[in-house]
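Asker: Residue numbers (our numbering), protein chains in the order written: chain A, 9 to 259; chain B, 13 to 413; chain C, 1237 to 1734. Below you'll find the structure I mean.
Dropping the structure here:
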């Protein structure tokens, strides 16, 4: 399941963020921890207003992009964040969470937030309403969008749709944010304004998990080689000691 | 006249000096803070935010603690494997520092995790794609190994001689295992940062990060041994021949040169010279780190300056601080965006308390077991009149009478 | 021996925990994720792009001077969109992508429709209370015609109850230094607007059709969507701003008050009046025409806070010299009222005599028909064709028709943004039948009762109006009148359209 965000259609009504709070029972009264239009543990999605170079206003919905190669899930050492095979949602399971916050620093977009004022804090991020996806429903935010800025469907279909929109309307920039960014994401954005003007982070197409994978794949071999080398050395030293001892004895 | 108090309880020596009195106070203060932290979460004790989710406890206590404790494995490697037997005099001290370092690191980590009652999860729920998973297992196993190795020293004095014999017998195996795991996790600590490519300032991120961390843990290890021995000398009057220390640190110095060359190679291949001279906060911090933490120490250690004790000590301190600086830069400076973070009082109290606890345990152990120079240490004299705390002890003593 | 044992034990522990972990991994034992224990409205259960009747809500910018929304109360029912799109024809009538702002004419109908009270006017109650408590300020207040037939509903009275004198009594009890009647300035507006209309009819034919300008929601709508008609808008300020300008000039002068010490408050049935009061144009010689605007609902809140019950408060009369009103001024609150009042005085201006009884009870312009058409025979000026339109969706249809034909068959068109006119304004008391016409019809009936009960029926008969002209303005459309009573408009088309 994927979502296509057409930034040109967003009017900033924030139906999505209210639907999110309703469905996920987040606190409406909580003081914004990182600024009124930034994510925090009670704001899993926010609308951010940007003024472009041409003095146009644009609203950008910010939430977890649900990467295809999620850095957070890869970074979690207790599997408390997992990518759901069926729905594609990157889901957090608090029961498994130790609270190391590696996911917060690993995410290329700095999306996961933390419940800093809780006694036993947990990570907070968009779950893509996985419980709704399981029933074939759209995420709450998508359901409530009045202008059609949000559409949900299969990623391939939405990608095709996005490409078709871009091809048929010259106002759109020829870039689907989320198609390739750090390996691609379930959330896709199209816009008539270059993404860097809208606060989108410019990231490379290589999934960051790649570097970890490369490294970890070498570790067992290297460790084994190192251990063998050390064992050999120990044995050699041992032999030397013995010879020396016997030499001494002979003397 | 002796200026410290030494109690002997059931055959164990407990020495109390003014410094240790203060350290005990710090430990008690920490204990109170720890209780507050574990019961109320992070809000009252730390200044952590979503922008700096990793603070002093990770950057200083864990990253630096592990690096400092690297002295244990680097000396062990030289002594046990490469048979530099002349360094054996420092081996036990280094082993003890490593063990204490790791125990304190684990304590720090335990305080830093939000759902601390869940600390055991990674043992059963295997997040094997995470570098942290490797670090977690390696640190756990290595600490166990270190404890068993250290048990050899303990069993010299207590428990059965038979047990001591067994431990001596399996010691070579333990040493091999004990050299595999620290190498793995020292590099993995650098590997932790690999996934943060899009978050870190380019100067600190490199695919060689695991290697950098490993190498720097090696040279901070030997530098730390030098610092420790000089501290131990002030406290216990025990001296290790200067030329041995110079040679030991020069091994680290050689690694340091390779480290510097690789860093420069990185700048060329990733085309990052522009960032170095950008003049921004990050580039300045990077330059400072390289200059004071790497280039100047190299110049000292391979010059005649190293022959003087001050020269060697300067090298050692610069190297230690340089690596600490590097770890802080990796965690904070490289990911600095807008939010300024300064550790909260609680974070300082806990960090200081942990270090104090380490020092106290170290002192107790070296005074009761054959560690420094393979013999038991005795606290040297302190001038009583200079210290008020001693007066308090004197008063207490008088009351008892 | 113990060596072997301990090693085996150690391995056992490691392997055991590993097996448990592997088992947990395979069986997918991971507990619950924290999402999805909450509620969202039934209509959104289903696929997101499935067509449903109502979806989401309208956008309200944080900088909106008229209305605001409490997210916690919002149930995403879509009623605000219904009001904005199908009553006011604002939502959905601006192009996407947005240009410089989200269109809002500040009418407040979304607040009227909102079933959970999430959308409210941006309240000025605190500021008014603070001004009342400030001894150094001379706080004056004016009450709009439509508030007199609706405020009672907030105190348990039937819709259509007339609380004219009681409202004045309540305001005096609150501590206002003077209470004036917006009906007075409605008469003033009629003097100016009728003169202007007669002038346009005879010598400035390109400014025909004459479009009324007393409704700020409509004015902004015109600026947004029909900038080519801006020169047809009457240049007259609305009664609120006219009275404000008169208070800080003529009244201040007569009573030796410094204009900067006067706090001018208005009680309006309207949220757009808050926007109008904040417009850059509504200022003369550095003095804001209106300082603070309270809606009818806010006044009720303020009265209740101060423990004043409208049912028991003693009656009082409006203060002279800006307190007299005629029937013409009083019917401003209902759709068609402005037209009827203007025609009465225009008739007098052209013919020199008061209009016949038929024009004093002019049924074709009354009632809730979307677009009402009428013709007035004014001897000397011929037949004047008139249209009266309320609800901006109706206005859009009417204007699009004119645009299509290229010319208008009407010489005078009255526009009111809200259905029913001011009595159905976005700041009026909410009732269970807010969206239905019953309450509005009752309020309208009350307005016309007020007209019939008035001793004078035409604006030009108002003796205080005559005094203002004699002592201050000279005559309608004089230089001084232009300065204080007329205004200009801002083209807002560019903010929405390329």
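We treat Cβ as the ideally placed atom computed from N, Cα and C, and that holds for glycine.
Is there contact between the segment 104-121 of chain B and the segment 71-90 of chain B, where contact requires at least three CB pairs shorter than 8 Å?
Answerer: yes
Asker: Taking contact to mean 3 or more Cβ pairs, one atom from each stretch, closer than 8 Å, check whether the segment 1323-1341 of chain C and the segment 1292-1307 of chain C are in contact.
Answerer: yes
Asker: Could you check the C-alpha separation between residue 1688/C and residue 1678/C for me, to the nearest Å?
Answerer: For the purposes of this step, residue 1688/C is identified with residue 452 of the third chain, where counting begins at 1. For the purposes of this step, residue 1678/C is identified with residue 442 of the third chain, where counting begins at 1. Computed Cα separation, rounded: 16 Å.
Asker: Who are the near neighbours of residue 1331/C in its chain, counting only those whose CB is closer than 8 Å to its CB and skipping five residues on each side?
Answerer: Here the question's residue 1331/C lines up with position 95 in the third chain. So the list reads 1732, 1733, 1734, once near-sequence residues are dropped.
Asker: Short of 6 Å in beta carbon distance, which residues of its chain neighbour residue 356/B, apart from the five on each side in sequence? Order them along the chain.
Answerer: Within the second chain, residue 356/B is the residue found at index 344, counting from 1. The answer, listed in chain order, is 58, 59.
Asker: List the DSSP bridge partners of residue 1531/C.
Answerer: The residue given as residue 1531/C occupies position 295 in the third chain. Beta-bridge pairing links residue 1531/C to 1504/C.
Asker: Could you confirm whether any beta carbon from chain B is found closer than 8 Å to the beta carbon of residue 241/A?
Answerer: Residue numbering aside, residue 241/A sits at position 233 when the first chain is read from its first letter. Residue 241/A counts as touching chain B.
Asker: Using a threshold of 7 Å, is the CB atom of residue 178/A nearer than that to any non-hydrogen atom of the ligand ADP?
Answerer: By its list of ligands, the structure shown contains no ligand whatsoever, and the ligand ADP lies outside what it can speak to.
Asker: Applying the criterion that 16 or more other CB atoms from any shown protein chain within 10 Å of the CB defines a buried residue, is residue 270/B buried or exposed?
Answerer: Counting from one through the second chain, the residue named residue 270/B turns up at place 258. Residue 270/B comes out exposed.
Asker: Starting from residue 218/A, trace the beta strand (DSSP E) both ways and give me its first and last residue.
Answerer: Position 210 of the first chain, counted from the start, is the residue given in the question as residue 218/A. It is not in any beta strand (DSSP E) - residue 218/A instead sits in the alpha helix (DSSP H) that spans 217-258.
Asker: Kindly indicate if chain C contains any beta-carbon less than 8 Å away from that of residue 106/A.
Answerer: The sequence position of residue 106/A within the first chain is 98, counting from 1. Output row for residue 106/A: interface = no.
Asker: Can you pull out the residues from the segment 1587-1600 of chain C whose beta carbon lies closer than 8 Å to at least one beta carbon of chain A?
Answerer: none
Asker: What would DSSP say about residue 1346/C, mapped onto helix, strand or coil?
Answerer: Against the third chain, residue 1346/C aligns to sequence position 110. Looking at residue 1346/C - three-state DSSP - the assignment turns out to be helix.
Asker: Under 8 Å, Cβ to Cβ, is there at least one residue of chain A near residue 1557/C?
Answerer: Position 321 of the third chain holds residue 1557/C. No - not a single Cβ of chain A is within 8 Å of the one on residue 1557/C.
Asker: Would a check of beta-carbon distances place residue 103/A closer than 8 Å to chain C?
Answerer: Translated into the one-based positions of the first chain, residue 103/A becomes position 95. Chain C contact via Cβ: present.
Asker: Could you tell me which residues DSSP puts in a beta bridge with residue 70/A?
Answerer: As a working mapping, residue 70/A is identified with position 62 in the first chain. According to DSSP, residue 70/A bridges with 54/A.
Asker: Could you please tell me which residues of the segment 1329-1340 of chain C, in chain order, have their CB closer than 8 Å to any CB of chain A?
Answerer: 1332, 1333, 1334, 1335, 1336, 1337, 1338
Asker: Looking only at C-alpha atoms, which of 1519/C, 1585/C, 1506/C, 1459/C sits nearest to residue 1485/C?
Answerer: The residue labelled residue 1485/C in the question sits at position 249 within the third chain. The shortest C-alpha separation from residue 1485/C is found at 1519/C.
Asker: So which residues on chain B does residue 48/A lean against when the C-beta distance must stay under 9 Å?
Answerer: The residue given as residue 48/A occupies position 40 in the first chain. Result: 62.
Asker: Do residue 140/A and residue 132/A have their beta-carbon atoms positioned less than 8 Å apart in this structure?
Answerer: Within the first chain, the letter at position 124 stands for residue 132/A. Within the first chain, the letter at position 132 stands for residue 140/A. In this structure, residue 140/A does not lie closer than 8 Å to residue 132/A by Cβ.
Asker: For the segment 174-189 of chain B against the segment 219-233 of chain A, do three or more pairs of beta-carbon atoms, one drawn from each stretch, fall closer than 8 Å, so that the two count as touching?
Answerer: No, the segment 174-189 of chain B does not touch the segment 219-233 of chain A.
Asker: Quick one: residues in its chain with C-beta nearer than 7 Å to the C-beta of residue 1262/C, no 5 flanking neighbours on either side, listed in chain order?
Answerer: Residue 1262/C sits at position 26 when you count from the first residue of the third chain. With a pLDDT of only 48 at residue 1262/C, under 50, the local geometry of the prediction cannot be trusted, and the value read off the model is given with reservation. Excluding sequence neighbours, residue 1262/C sits near nothing in its chain.
Asker: With a 10 Å radius around its C-beta and 16 neighbouring C-beta atoms as the bar for buried, classify residue 320/B as buried or exposed.
Answerer: Here residue 320/B refers to the residue found at position 308 of the second chain. By the neighbour-count definition (other C-beta atoms within 10 Å, threshold 16), residue 320/B is an exposed residue.
Asker: Out of 1646/C, 1580/C, 1642/C, 1583/C, which one is the CA nearest neighbour of residue 1608/C?
Answerer: As a working note, residue 1608/C is residue 372 in the third chain. Closest option to residue 1608/C, Cα to Cα, is 1646/C.
Asker: Which two residues bound the contiguous beta strand (DSSP E) that contains residue 27/B?
Answerer: Counted from its first residue, the second chain places residue 27/B at position 15. Taken as a continuous stretch (DSSP letters only), the beta strand (DSSP E) holding residue 27/B covers 24-28.
Asker: Inspect the beta-carbon positions of residue 42/B and residue 370/B and report whether they are closer than 8 Å.
Answerer: The count along the second chain starts at 1 and reaches residue 42/B at position 30. The count along the second chain starts at 1 and reaches residue 370/B at position 358. No, Cβ-Cβ distance for residue 42/B and residue 370/B is not below 8 Å.
Asker: Between residue 125/B and chain A, is the shortest Cβ-Cβ distance under 8 Å, so that the two count as touching?
Answerer: As a working mapping, residue 125/B is identified with position 113 in the second chain. Among the residues facing chain A, residue 125/B is included, as its CB has a counterpart in that chain under 8 Å away.
Asker: Residue 1505/C and residue 1531/C - do their beta-carbons sit closer together than 8 Å?
Answerer: Against the third chain, residue 1531/C aligns to sequence position 295. Against the third chain, residue 1505/C aligns to sequence position 269. Yes.
Asker: Could you check how far apart the C-beta atoms of residue 36/A and residue 144/B are, in whole angstroms? I think they sit under 8 Å.
Answerer: For the purposes of this step, residue 36/A is identified with residue 28 of the first chain, where counting begins at 1. For the purposes of this step, residue 144/B is identified with residue 132 of the second chain, where counting begins at 1. Going by Cβ atoms, the distance from residue 36/A to residue 144/B rounds to 35 Å, so no, they are not a contact pair.
Asker: Within the segment 1647-1685 of chain C, note down every full alpha helix (DSSP H) run reaching 4 residues or more, in order along the chain.
Answerer: none
Asker: So, are the CB atoms of residue 1452/C and residue 1416/C less than 8 Å apart?
Answerer: Position 216 of the third chain, counted from the start, is the residue given in the question as residue 1452/C. Position 180 of the third chain, counted from the start, is the residue given in the question as residue 1416/C. No. Outside cutoff.
Asker: Please list, in chain order, all residues of the same chain as residue 1205/C whose beta carbon is under 7 Å from its beta carbon, the five residues on each side excluded.
Answerer: With chain C represented from 1237 up to 1734, any question about residue 1205/C goes unanswered, as that position is not in the structure.
Asker: Name, in chain order, the residues that DSSP records as bridge partners for residue 132/A.
Answerer: In the first chain, counting from the first residue as 1, residue 132/A sits at position 124. According to DSSP, residue 132/A bridges with 121/A.
Asker: With distances taken from CA atoms, which of 286/B, 345/B, 327/B is nearest residue 294/B?
Answerer: Walking along the second chain from the start, residue 294/B turns up at place 282. It is 345/B whose Cα lies nearest to the Cα of residue 294/B.
Asker: Going by the DSSP bridge assignment, what does residue 160/A pair with across the sheet?
Answerer: Sequence index remark: in the first chain, residue 160/A carries index 152 (1-based). Paired residues: 11/A.
Asker: Taking any Cβ of chain A, which residues in the segment 1280-1293 of chain C have a Cβ under 9 Å from it, in chain order?
Answerer: 1280, 1281, 1282, 1283, 1284, 1285, 1286, 1288, 1290, 1291, 1292, 1293
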